[in-house]
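Each step along the sequence shown adds one to the number in this note's numbering, with nothing skipped, and position 185 is 189. One structure is given here, and the rest of the page talks about it.
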Amino acid sequence: MPTPPPTGPLVTRGTLAAELRALGVRSGEILLVHTSLRSLGWVCGGPVAVVRGLLDVLGPDGTLVVPTQTGDLSDPALWRQPPVPEDWWPTIRNAMPPYDPLTTPSRGVGVLPETVRTWPGAERSAHPQTSFAALGPDASRVVGDHATDCRLGERSPLAVLERLGARVLLLGAGYAACTAFHLAEYRTPAPLVEVGRPGPYGWERVTEVSITSERFDELGHDFERDRTVLRGTVGAAGARLFPLADAVAYAERWLPLHRPRAG
Numbered sequence: 005m006p007t008p009p010p011t012g013p014l015v016t017r018g019t020l021a022a023e024l025r026a027l028g029v030r031s032g033e034i035l036l037v038h039t040s041l042r043s044l045g046w047v048c049g050g051p052v053a054v055v056r057g058l059l060d061v062l063g064p065d066g067t068l069v070v071p072t073q074t075g076d077l078s079d080p081a082l083w084r085q086p087p088v089p090e091d092w093w094p095t096i097r098n099a100m101p102p103y104d105p106l107t108t109p110s111r112g113v114g115v116l117p118e119t120v121r122t123w124p125g126a127e128r129s130a131h132p133q134t135s136f137a138a139l140g141p142d143a144s145r146v147v148g149d150h151a152t153d154c155r156l157g158e159r160s161p162l163a164v165l166e167r168l169g170a171r172v173l174l175l176g177a178g179y180a181a182c183t184a185f186h187l188a189e190y191r192t193p194a195p196l197v198e199v200g201r202p203g204p205y206g207w208e209r210v211t212e213v214s215i216t217s218e219r220f221d222e223l224g225h226d227f228e229r230d231r232t233v234l235r236g237t238v239g240a241a242g243a244r245l246f247p248l249a250d251a252v253a254y255a256e257r258w259l260p261l262h263r264p265r266a267g
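Next comes the structure, spelled out in C-alpha cells:
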C-alpha cells in the first residue's frame, strides 16, 4: 500500500522564523525551548531547519537552550518502558558507560534537542541525567556550573535562566514538558530519594530531591489562565511563550496547594 502524501502545512526555515517573530520571540534573548517536531507539520529540512529558524530569530546575540536529558543512565530496577529482567540488573549497573557531555545522546526529549546538542559550538551541562545544551554567547553562563548532585534546582541551568530573564517557548509541546516547573519543586517541601547512576569510577548513588511532572498540565492551565502567556501557531503547532521566572513563581504557590508532598 503506497504511503499517503503529507498533509502539511509545509514549514520552512523562513516561515518558521516569521511565525516565531509574530509570536513575540525577540532577537538577543535567551530562550529555553521544548518542542514536538511532528506537531509542526511537514518541515522542509527537518530539525536542522527548525534550529536554523530559531537561531535566525534569536540573532547573533541570542542564546538557544534545550533539555538534553539522559534518563536511561539510571537504575535498571526502576525501568518500566520496557522493564528488564532482574537478573540483568547487576550486569547493567557494572557495564553502563558513564555520562560524557560530548558523546552521550539525549533520550526522551525529542529530535530537536539532539540536533542542538551536536551543533557546532554547542555547550552542554555536567549533570549525568538532566543536562541542558545551549548555543549562543550566554551558553557557558547557562550550562557551565550545573552541579552533578542537583538535577533541576538552584545549582542547575534553570536557576541561571531565571536570573538571566530567559523565556520559555513551548513549540508543539504541552506544559507537562515544562522543566521550569521543576525548579519550583526544589523550593517547596518534597521528599528526598536515592538516585543510582553510572559514575566515572563505577556505579554510584546520590541523594536528590524527588521530582515528577505529575499534574504539570493542570498547573500550566491555571498559570495560563492567571498570567500573561503569548499564544500563537507555528506551522500546525500551538506555541506558547512566557517568562521562565513567572512560571517558577506561580508554580511555587500552586504546588503546595494542589500537589502537596511530604518533605
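Quick reminder that beta carbons are idealized off the backbone N, C-alpha and C, glycines included.
Query, Result
"Whole-angstrom distance between W83 and A143, CA atom to CA atom", "32 Å"
"C-alpha gap between P86 and D79, whole angstroms", "13 Å"
"Sub-7 Å separation of R265 and R219 beta-carbons", "no"
"Whole-angstrom distance between S40 and G242, CA atom to CA atom", "10 Å"
"Buried versus exposed, by CB contacts within 10 Å (16 or more), P202", "buried"
"Within 7 Å, strictly: CB atoms of S192 and L261", "One point to set straight first is that residue 192 is Thr, not Ser, in the sequence displayed. Cβ atoms of T192 and L261: not closer than 7 Å."
"Option nearest T11 by Cα separation, candidates R42, P101 and V233", "R42"
"Close Cβ partners of P117 (< 7 Å) along its chain, the five nearest in sequence each way excluded", "V70, P71, T72, S110 and A137"
"Inter-residue spacing [alpha-carbon to alpha-carbon] between L213 and G66", "One detail in the question is off: residue 213 reads as Val in this sequence, not Leu. Those two C-alpha atoms are separated by around 32 Å."
"Euclidean distance between Cα positions of R209 and T152", "12 Å"
"Secondary structure of I4, DSSP reduced to three states", "Nothing about residue 4 can be reported from this structure: the residues present for the chain run from 5 to 267 only."
"Nearest residue (CA-CA) to V172, options R244, H131, G18 and T74", "R244"
"V252 vs A177 beta-carbon contact at 7 Å", "no"
"Completely contained beta strand (DSSP E) runs for the region 146 to 208, where each covers 3 or more residues", "171 to 175 and 196 to 203"
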